[in-house]
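Below is one structure, written out as structure tokens, with a few remarks after it.
Given below as structure tokens:
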């Protein structure tokens, strides 16, 4: 019994040490350039849905520093996580984008994360926290290269990077989505979106994370009102 306890402690210390080393060695993000919207300057080429196990998803999120800034791994409903790897074109080159749609256990919050194999306009990772209540979608937080910005209402702080001063960048985000557009624009998500359109609130959350991951370019075209905010600080290592 004592040996098992010592072994368990050793394994825990090993995992903590490995994670600590991973965080310390986490690469710095590049500087995002100007008014940043990766989907406006890239084109979809192909996509492939990943079939990760729940353990694989948990490990990915648990070792992903940026995810911890939006939620905790134990807050996730692992039966409703969708991961799609997209091949996209940027500046004449094909790169990949790993898109993750994550439903939290409260059934109201949806997290979308987009991880690029190479920076797009300086963006390596972008994420959003959405809240779905009574058929309405609210963007609560936006993450760009590790920097999280809480949002309140639909802000319109800038139209170009110059509006944010010499050390700022202008970040666009969607304040209000068109559900009808979302439900019809992505055939991969017809079932969950159909459930939403029939008034199933849980189906709306499933529809949202499905479309954001399977058809992110389609989702961005379904924005009825776009807001902007200025981001001034660059995250550390």
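Residue numbers (our numbering): 688 to 924. From the three backbone atoms N, C-alpha and C, an ideal C-beta is built for every residue, glycine too.
For the ligand ATP, any of its heavy atoms closer than 6 Å to the Cβ of residue i?
{"i": "residue 851", "result": "Of the ligands one can find in the structure shown there are none, so the ligand ATP has no counterpart to examine."}
Distance check for residue j and residue i, CA to CA, integer angstroms please.
{"i": "residue 809", "j": "residue 911", "result": "26 Å"}
{"i": "residue 877", "j": "residue 770", "result": "17 Å"}
{"i": "residue 870", "j": "residue 894", "result": "7 Å"}
{"i": "residue 853", "j": "residue 883", "result": "44 Å"}
{"i": "residue 708", "j": "residue 750", "result": "Because residue 708 sits at a pLDDT of 47, beneath the cut-off of 50, its placement in the model cannot be relied upon, and the following sentence gives the value as read from the coordinates. So the alpha carbons of these two residues sit roughly 11 Å apart."}
{"i": "residue 825", "j": "residue 794", "result": "14 Å"}
{"i": "residue 908", "j": "residue 902", "result": "10 Å"}
{"i": "residue 918", "j": "residue 806", "result": "17 Å"}
{"i": "residue 715", "j": "residue 885", "result": "45 Å"}
{"i": "residue 848", "j": "residue 856", "result": "5 Å"}
{"i": "residue 789", "j": "residue 745", "result": "11 Å"}
{"i": "residue 712", "j": "residue 890", "result": "Interpretation of residue 712 is limited by its pLDDT of 44, a score under 50 that renders its predicted location unreliable; the figure taken from the coordinates is listed afterwards. Roughly 40 Å separates the two Cα atoms."}
{"i": "residue 801", "j": "residue 787", "result": "7 Å"}
{"i": "residue 778", "j": "residue 820", "result": "39 Å"}
{"i": "residue 737", "j": "residue 803", "result": "16 Å"}
{"i": "residue 743", "j": "residue 752", "result": "16 Å"}
{"i": "residue 851", "j": "residue 831", "result": "16 Å"}
{"i": "residue 867", "j": "residue 792", "result": "25 Å"}
{"i": "residue 862", "j": "residue 833", "result": "21 Å"}
{"i": "residue 880", "j": "residue 730", "result": "24 Å"}
{"i": "residue 875", "j": "residue 900", "result": "10 Å"}
{"i": "residue 872", "j": "residue 768", "result": "20 Å"}
Quick check: residue i and residue j, are their CB atoms within less than 7 Å of each other?
{"i": "residue 844", "j": "residue 904", "result": "no"}
{"i": "residue 732", "j": "residue 775", "result": "yes"}
{"i": "residue 892", "j": "residue 898", "result": "no"}
{"i": "residue 896", "j": "residue 797", "result": "yes"}
{"i": "residue 756", "j": "residue 835", "result": "yes"}
Nearest CA to the CA of residue i: which residue from the options?
{"i": "residue 799", "options": "754, 723, 739, 848", "result": "754"}
{"i": "residue 640", "options": "828, 848, 834", "result": "The requested residue 640 is not part of the displayed model; the chain covers only 688 to 924."}
{"i": "residue 815", "options": "758, 873, 890", "result": "758"}
{"i": "residue 723", "options": "860, 879, 875, 782", "result": "860"}
{"i": "residue 913", "options": "868, 901, 858, 885", "result": "858"}
{"i": "residue 818", "options": "838, 756, 867, 831", "result": "838"}
{"i": "residue 739", "options": "726, 766, 752, 756", "result": "766"}
{"i": "residue 741", "options": "760, 830, 890", "result": "760"}
{"i": "residue 784", "options": "792, 812, 791", "result": "812"}
{"i": "residue 734", "options": "748, 752, 743, 781", "result": "781"}
{"i": "residue 726", "options": "768, 773, 791", "result": "773"}
{"i": "residue 823", "options": "803, 850, 846, 864", "result": "864"}
Just to confirm the assignment, what range does the alpha helix (DSSP H) spanning residue i have?
{"i": "residue 748", "result": "741-749"}
{"i": "residue 906", "result": "903-907"}
{"i": "residue 733", "result": "Premise fails: residue 733 lies in the beta strand (DSSP E), 730-736, not in any alpha helix (DSSP H)."}
Tell me which residue opens and which closes the beta strand (DSSP E) that residue i is part of.
{"i": "residue 918", "result": "910-918"}
{"i": "residue 726", "result": "Looking at the DSSP string, residue 726 is not in any beta strand (DSSP E), and its letter there is neither H nor E."}
Self-check item: Unbroken stretches of the beta strand (DSSP E), 3 residues or longer, contained in the stretch 837-879
Solution: 856-864
Practice problem: Output the residue ranges of the beta strand (DSSP E) runs that lie fully inside the stretch 809-839 and measure 3 residues or longer, sorted by chain position. | Solution: 810-820, 823-831, 834-837
Quiz item: Which runs of the alpha helix (DSSP H) spanning at least 4 residues fall entirely within the stretch 747-811, listed in chain order?
Solution: If only complete runs of 4 or more residues are kept, the stretch 747-811 shows the alpha helix (DSSP H) at 752-755, in order along the chain.
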